[in-house]
Amino acid sequence: MLNTSLQGKENSILDLEDGIQGFEARLGLWHSQLVAGELVMFPVLTAYQVSTGLPLSDSVKQNIDEHLSQLQENFKRYFPDSQRAQNLQWMKFPFQAVPSQDLGLSQAELEALVTLQVNRGRKVVMFGHGVSPHNASGCLEMLRPSKRTA
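This is the structure in structure tokens:
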């Protein structure tokens with residue numbers, strides 16, 4: 024499910040980061056549900072339990088717990104730095120970003136971002152023309168200085 028949801032030409036790095044962070048959050052949720060004795064996140068196992076009337080053994084719970092913990096560790100190892108996603112948040116929410124060198128933008132881009140943030144007309148244009156959190160390239164286009172013709 025995670026793999027296929029991250030594919031496609033319309034996905035941006037922000038969509039990928041959101042998908043990864045969302046899956047990591049679900050792993051944490053599943054772990055806490057398992058500790059609380061709930062198994063709703065495993066519908067096949069739940070159906071088996073209901074049909075047989077057998078309780079889940081402690082060793083199976085232990086195996087599931089270890090597997091979820093291992094998945095969380097592996098995700099942290101493969102995707103260690105969420106700071107990159109934080110640095111790209113200005114693309115998703117350009118009117119809320121705090122302009123600083125931490126964003127990784129050039130001086131000209133920072134100045135364009137500040138100008139964009141105070142321009143009410145641009146806000147209307149952006150949101151009226153389909154520039155949304157799922158269209159980061161549209162936000163970038165809005166930051167580019169407009170070409171003036173003589």
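If you want our numbering, it's the position in the sequence shown, counting the first as 1, plus 23. Positions of the beta carbon are idealized from the N, C-alpha and C atoms, including for glycine.
Apart from the 5 residues on each side of it in sequence, ASP88 sits with its Cβ closer than 8 Å to the Cβ of HIS54, LEU57, VAL58 in its chain, given in chain order. Linking GLN95 to ASN86 through their CA atoms gives a straight-line distance of about 14 Å. In this structure, the alpha-carbon of GLN44 lies about 13 Å from that of ASN97.
The DSSP-derived three-state label of GLY127 is coil. Put simply, the backbone Cα of THR138 is about 37 Å away from that of TYR101. LEU52 places its beta carbon less than 9 Å from that of MET64. Assigned with DSSP and collapsed to three states, VAL121 falls in coil, not helix or strand. Taking 9 Å as the cut-off, the Cβ atoms of GLN93 and PRO122 do not count as close.
In the DSSP annotation of this structure, ASN34 is not part of any alpha helix (DSSP H), being labelled neither H nor E.
In the DSSP annotation of this structure, LEU111 is not part of any alpha helix (DSSP H), being labelled neither H nor E.
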